[in-house]
Amino acid sequence: MINVPATSPMRLQQIQSETNLTQSSIDDYADKPFSTHRKKAIYKQIGRAVASANLPFSFVDDPEVKKLFALFNSYFRLPSRKLLSTNIIEDLNND
1 MINVPATSPM RLQQIQSETN LTQSSIDDYA DKPFSTHRKK AIYKQIGRAV
51 ASANLPFSFV DDPEVKKLFA LFNSYFRLPS RKLLSTNIIE DLNND
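Last residue of the sequence shown: 95 (full-length UniProt numbering), numbering continuous.
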C-alpha cells in the first residue's frame, strides 16, 4: 500500500470507498406505535410484573412510571388501573 497524505484526493476517495456513506432515514430515529399484538404482549408482561412484585394496580397511574415508559416509546400508553385489574389479570389467570 502506498503512503498517501490524509487530505489528498486519492486518500479521500479511498476512505469513501471503505465506508458506507448512506444517509439514515428519519424513521430510524422516530418512535413508532406498537402493533396491537405487541401492545397486548407488553400489557400482559406489565400484569405479570405487577402481580409478581405485589405492586398495587395504581402503579400504572404513577406519573414517574408513565415517564419511564415514555422514555422507551413516546407513543406507548400504560393500561388503565381498571383494565389491568380486570381484563389483563383475568387473561393471566386463564393462561
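Even glycine gets a Cβ: it sits at the ideal position worked out from N, Cα and C.
> If you draw a straight line from the alpha carbon of PHE57 to that of ILE26, how long is it in whole angstroms?
Replying inline: For PHE57 and ILE26, the distance between alpha carbons rounds to 37 Å.
> How long is the line joining the alpha carbons of ILE89 and PRO63, rounded to whole angstroms?
Replying inline: The straight-line gap from Cα to Cα measures roughly 22 Å.
> Where ASN73 and ASP31 are concerned, what is the direct C-alpha to C-alpha distance, given to the nearest angstrom?
Replying inline: One C-alpha to the other measures close to 6 Å.
>> Give me, in chain order, the residues of the same chain whose beta-carbon lies closer than 8 Å to that of ALA70; leave out the 5 immediate sequence neighbours on both sides.
In response: Cβ within range, chain order: PHE76.
> Would MET10 count as contacting chain D if we go by Cβ distances under 8 Å?
Replying inline: In summary, chain D is missing from the structure at hand, where a single protein chain is found.
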